[in-house]
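Mapping to the working numbering: the sequence shown position 179 is 262, numbers consecutive. The beta carbon of each residue, even a glycine, is placed where N, CA and C say it ideally should be. Here the structure is a predicted model, which means the values were calculated and not measured. Remarks on the structure that follows.
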Amino acid sequence: MSITSDRPATTPGIGLIDAEWVDGPGGYTGVEPTAEWAEEVRRLARARNATLLAHNYELPEIQDVADHVGDSLALSRIAAEVDSDEIVFCGVHFMAETAKILSPDKRVLIPDARAGCSLADSITADELREWKAEFPDAVVVSYVNTTAAVKGLTDICCTSSNAVEVVASIDPDKDVLFLPDQFLGAHVKRKTGRDNIHIWAGECHVHAGINGDELTEQAESHPDADLFIHPECGCATSALYLAGEGFVPAEKVKILSTGGMIDAARETNAKQVLVATEIGMLHQLRKAAPGIDFQPVNGRAACPYMKMITPAALLRALREGKDEVFVPDDVAAKARQSVERMIAIGNPGSGE
Numbered sequence: 084m085s086i087t088s089d090r091p092a093t094t095p096g097i098g099l100i101d102a103e104w105v106d107g108p109g110g111y112t113g114v115e116p117t118a119e120w121a122e123e124v125r126r127l128a129r130a131r132n133a134t135l136l137a138h139n140y141e142l143p144e145i146q147d148v149a150d151h152v153g154d155s156l157a158l159s160r161i162a163a164e165v166d167s168d169e170i171v172f173c174g175v176h177f178m179a180e181t182a183k184i185l186s187p188d189k190r191v192l193i194p195d196a197r198a199g200c201s202l203a204d205s206i207t208a209d210e211l212r213e214w215k216a217e218f219p220d221a222v223v224v225s226y227v228n229t230t231a232a233v234k235g236l237t238d239i240c241c242t243s244s245n246a247v248e249v250v251a252s253i254d255p256d257k258d259v260l261f262l263p264d265q266f267l268g269a270h271v272k273r274k275t276g277r278d279n280i281h282i283w284a285g286e287c288h289v290h291a292g293i294n295g296d297e298l299t300e301q302a303e304s305h306p307d308a309d310l311f312i313h314p315e316c317g318c319a320t321s322a323l324y325l326a327g328e329g330f331v332p333a334e335k336v337k338i339l340s341t342g343g344m345i346d347a348a349r350e351t352n353a354k355q356v357l358v359a360t361e362i363g364m365l366h367q368l369r370k371a372a373p374g375i376d377f378q379p380v381n382g383r384a385a386c387p388y389m390k391m392i393t394p395a396a397l398l399r400a401l402r403e404g405k406d407e408v409f410v411p412d413d414v415a416a417k418a419r420q421s422v423e424r425m426i427a428i429g430n431p432g433s434g435e
């Protein structure tokens with residue numbers, strides 16, 4: 084991946100509000116998300132012929148100003164379909180890369196190129212090459228939450244919605260290398276019963292930190308609540324244990340992607356739902372089902388990388404045309420194949 088942050092703005096002179104941003108250790112600051120800011124963001128986007136995309140884990144004000152909000156795969160598909168010159172992807176870097184892979188003719192910007200991902204960074208392309216050398220005949224299945232370089236070395240990508248179907252579609256005699264998330268891998272192994280699936284020991288540090296003790300305590304104190312659990316969470320196994328042992332009715336435990344959580348929120352009859360994922364998701368859930376009391380299993384589960392996409396960073400991106408994301412053509416072509424194979428198997432849902 085190559086990212087530049089010094090390319091001149093393609094629309095010089097636009098921008099009327101008096102705003103200056105400061106580049107601090109946690110990202111760009113100095114701009115408040117006022118109504119004037121939102122109006123200026125939308126005006127600049129129109130002037131650039133840009134579509135604003137925001138992930139479910141972004142700050143509420145970023146979600147509210149975006150043209151589309153959702154999971155990374157859903158947003159990347161939208162990026163490929165919209166009639167825009169530019170895509171401004173408010174998310175982390177691997178998501179902007181995926182959008183570029185699926186829409187190579189569009190200019191893709193990320194408001195702060197330093198917004199990384201602990202899960203995507205838990206395996207490099209070189210590490211994957213070494214792992215493949217140990218199992219030369221294995222089929223490589225990569226979660227969509229990976230870099231373009233890793234996707235380019237992958238046979239089939241998957242989402243949390245179709246990971247089980249993707250692995251089940253592979254010849255049962257073939258070894259499978261599943262990466263990078265160990266918790267999703269454990270879920271897939273449990274569901275498929277395969278003994279020849281090898282799982283990389285990676286994790287999202289935010290999801291891994293939502294533990295089983297917290298879930299058990301919350302479930303005991305909210306006995307009538309549904310449980311929405313993201314499969315990246317460290318507490319996913321605990322949730323299934325609670326259901327299996329009868330501590331929580333099995334029908335109340337739902338292992339879901341973030342897109343699946345939105346669908347389930349609209350369908351549940353519960354008055355309260357405990358949510359185990361990054362807390363930015365609560366904003367969209369509350370909008371989708373305002374009559375339900377959504378509460379986080381862990382209220383500290385905030386991704387610092389997602390929160391680097393600040394109002395100041397977004398304004399900077401639109402005023403200065405920064406930061407642009409590039410994926411080499413040869414890497415993009417191989418990565419696109421692994422993503423397209425994923426889409427053809429099972430139901431990939433909205434994304435991670």
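Opening and closing residue of the beta strand (DSSP E) in which K337 lies: V336 to I338
Using 8 Å as the cut-off, can you tell me whether the stretch 225-243 makes contact with the stretch 296-307, which would need three or more C-beta pairs spanning the two stretches below that distance? Contact between the stretch 225-243 and the stretch 296-307 is absent, because fewer than three Cβ pairs lie under 8 Å.
Compare the C-alpha of E115 against each of L397, E217 and S421 and name the closest. If we check each option's Cα against that of E115, L397 comes out closest.
Taking the beta carbon of A291 as the centre, do at least 16 other beta carbons fall within 10 Å, making it buried, or is it exposed? buried
Residue from D406, M389 and E407 whose Cα sits closest to the Cα of G199: Residue nearest to G199 within the set D406, M389 and E407 is M389 (criterion: CA-CA distance).
Would you list the one or two residues that DSSP bridges to E169? Bridge partners of E169: A133 and R190.
Which same chain residues, not among the five before or five after A348, have their C-beta less than 6 Å away from its C-beta? L368, A371 and A372
Could you pull out every residue in the same chain whose Cβ sits closer than 7 Å to the Cβ of V414, ignoring the five residues on either side in sequence? A231, A232 and G235
Would you mind reading off the limits of the alpha helix (DSSP H) that contains S159? S155 to E164
Less than 8 Å between CB atoms is the rule here; does I338 satisfy it with respect to chain C? Protein chain content of the structure displayed is limited to a single chain, and chain C is not contained in it.
Measure the CB-CB distance between V171 and A395 and report whether it falls below 8 Å. The answer is no: Cβ separation not under 8 Å.
Cβ shell of I426 (< 6 Å), same chain only, five flanking positions each side left out: So the list is empty, once near-sequence residues are dropped.
Endpoints, beta strand (DSSP E) assigned at G107: V105 to G107
Between D278 and A179, what straight-line distance do the alpha-carbon atoms span, to the nearest angstrom? 35 Å
Could you check where the beta strand (DSSP E) with S225 kicks off and where it finishes? Going by DSSP, S225 is part of the beta strand (DSSP E) stretching over V222 to Y226.
Spatially closest choice to R383 from I282, H281, T360 and L127, by CA coordinates: Comparing Cα positions, the closest option is T360.
Selection from R424, T275, E169 and I312 that minimises the alpha carbon distance to T134: Minimum Cα distance to T134 is reached at E169.
Start and end of the beta strand (DSSP E) containing T112? G110 to T112
D376 - partner residues in DSSP beta bridges: Q355
I need the DSSP call for D209, collapsed to helix, strand or coil. Correct three-state label for D209: helix.
Just curious, the beta strand (DSSP E) that V259 is in, first and last residue? Its beta strand (DSSP E) spans residues V259 to L262.
When burial is assigned at 16 or more other CB atoms within 10 Å of the CB, is L99 buried or exposed? Confidence is the limiting factor: at L99 the pLDDT is only 49, short of 50, which leaves the residue's position unreliable, though a coordinate-based value still follows. L99 counts as exposed, since fewer than 16 other beta carbons sit within 10 angstroms of its beta carbon.
Out of curiosity, what's the CA-to-CA distance linking E315 and I338? Rounded to whole angstroms, E315 and I338 show a C-alpha spacing of 10 Å.
Candidates H138, D166 and F177: which alpha carbon is nearest L158's? H138
Do E103 and G113 count as a contact pair if the criterion is CB distance below 8 Å? If you check the CB distance, G113 and E103 come in under 8 Å.
Short Cβ contact (8 Å threshold) for E141 with G107: Result no, Cβ atoms of E141 and G107 do not sit closer than 8 Å.
Tell me, which residues are paired with V152 by DSSP? A137
Per-residue burial, E164 [other beta carbons within 10 Å of its own, 16 or more giving buried]: exposed
Host beta strand (DSSP E) of D309 (start-end): D309 to I312
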